[in-house]
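Just below is one structure, and these are the notes that go with it.
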Amino acid sequence: MAVIPKILVFAGSIRAGAYSGRTADVAQKELAMQGAEVTRISLADYPLPILDEDLEKEKGVPENVFKLARQIAAHDGLLIATPEYNGSIPPLLKNTIDWVSRVRTDGGRSFRPFTGKPAGLCSSSKGHFAGVRCINHLRAVLVRCQMEVVTPECSVPEGGNAFDDDGNFRDERLNRSMEHLCRTLIETSRLLSTRIEA
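FYI, in the UniProt record's numbering the residues of the sequence shown are 1 to 198.
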């Protein structure tokens, strides 16, 4: 019997109505339709200070970093839907990734939540470029964190017109891109599972 992969989904923005959040909604539905067990979180539930090595030395890694790291570790794969800020990764998302990458141990055991973890990426923007500059930067950062980033991606242009009243994509090409991304992420997550139950 095939293992049902557990996929963690979140957006790189916490703004109400953000295109990245709406893209994450579509991904969440598509992953579930394809048979994954999906957990949706918001980075608003894991507030973090700006990464500062002096702060880390004085107070240690914040507990919210460990909470998020454990969530990541408890899943077979990760799907991130990111906006694009000035052609690159938004500070909320980059700061979160940087903090989680600092985790080396948990409870005395070796613990690296990103290592070997499959990830799928979506991007969005209000213009024609669909966040593709950001998604390339994000891919490079996650590969540096030793994640297994799948090749298919879903980039959503003109976010203000991309969704219908039910929150689905209007463009069939975007639907096909999302289907392909989710299928590949599920297959890769099943194959490379590094899940550590919380």
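Beta carbons: idealized from backbone N, C-alpha and C, even for Gly.
Exercise. By DSSP, does E84 sit in helix, in strand, or in coil?
Worked result: The residue given as residue 84 occupies position 84 in the sequence shown. Coil.
Exercise. Using 8 Å as the threshold, is the segment 160-168 in touch with the segment 87-96, meaning 3 or more CB pairs across them?
Worked result: no
Exercise. Quick one: complete alpha helix (DSSP H) runs, 4+ long, within the segment 125-170?
Worked result: 132-144
Exercise. For Y9, which three-state DSSP category applies?
Worked result: Locating residue 9 in the sequence shown gives position 9, counting from the first residue. Before going further, note that residue 9 is Val rather than Tyr in the sequence given. Of the three classes helix, strand and coil, the one that applies to V9 here is strand, per DSSP.
For this session: Work out the CA separation of I4 and G35 for me, nearest whole Å.
Result: In the sequence shown, residue 35 corresponds to position 35, counting from 1. In the sequence shown, residue 4 corresponds to position 4, counting from 1. G35 and I4: Cα-Cα distance of roughly 7 Å.
Problem set entry | Beta-bridge pairing of L191 - partner residues as DSSP gives them | By 1-based counting over the sequence shown, the position of residue 191 is 191. DSSP lists no partner for L191.
Exercise. Touching or not, the segment 57-74 and the segment 19-35, by the rule of three or more beta carbon pairs under 8 Å?
Worked result: no
Exercise. Can you name, in chain order, every residue of its own chain whose Cβ lies under 7 Å from the Cβ of E30, other than the five neighbours on each side?
Worked result: Here residue 30 is taken as the residue at index 30 of the sequence shown, counted from 1. For E30, where only same-chain residues beyond five positions count, the Cβ hits under 7 Å are M178, E179 and C182.
Exercise. Relative to the alpha-carbon of Y19, which residue among S42, L68 and A81 has its alpha-carbon at the smallest distance?
Worked result: The sequence position of residue 19 within the sequence shown is 19, counting from 1. Among S42, L68 and A81, the Cα nearest to that of Y19 is on A81.
Exercise. Once you ignore the five residues that flank E192 on each side, which residues in its own chain have a CB closer than 7 Å to its CB?
Worked result: As a working mapping, residue 192 is identified with position 192 in the sequence shown. The displayed chain sequence assigns Leu, not Glu, to residue 192. Closer than 7 Å at the Cβ level, and outside the excluded window around L192, lie G116, P118 and E148.
Exercise. Does the distance from the CB of residue 206 to the CB of V103 come in under 8 Å?
Worked result: Nothing about residue 206 can be reported from this structure: the residues present for the chain run from 1 to 198 only.
Problem set entry | Distance between H137 and S124 (C-alpha atoms, nearest Å) | Looking up residue 124 in the sequence shown gives position 124. Looking up residue 137 in the sequence shown gives position 137. The alpha-carbon atoms of S124 and H137 are separated by roughly 14 Å.
For this session: Pick helix, strand or coil for L55, following the three-state DSSP scheme.
Result: As a position in the sequence shown, residue 55 is number 55, starting the count at 1. If DSSP states are grouped into helix, strand and coil, L55 belongs with the helices.
Exercise. Are the CB atoms of G120 and G77 nearer to each other than 8 Å?
Worked result: As a first step, residue 120 is located in the sequence shown; it is residue number 120 there, counting from the start. As a first step, residue 77 is located in the sequence shown; it is residue number 77 there, counting from the start. Yes, these two residues count as a Cβ contact at 8 Å.
Problem set entry | Nonlocal neighbours in the same chain, by C-beta distance under 8 Å from S101, ignoring five residues either side | Position 101 of the sequence shown, counted from the start, is the residue given in the question as residue 101. Within the same chain, S101 has close Cβ partners F114 and C145.
Exercise. Under the rule that 16 or more other beta-carbon atoms within 10 Å means buried, what is G60, buried or exposed?
Worked result: Taking the first residue of the sequence shown as position 1, residue 60 is located at position 60. Flag for G60 reads exposed.
For this session: Would you mind reading off the limits of the beta strand (DSSP E) that contains T39?
Result: For the purposes of this step, residue 39 is identified with residue 39 of the sequence shown, where counting begins at 1. Start and end: E37 to R40.
Problem set entry | Beta-carbon gap between L55 and W99 smaller than 8 Å | As a first step, residue 55 must be located in the sequence shown, where it is residue number 55. As a first step, residue 99 must be located in the sequence shown, where it is residue number 99. No; because the gap between Cβ atoms is not below 8 Å, this pair is not in contact.
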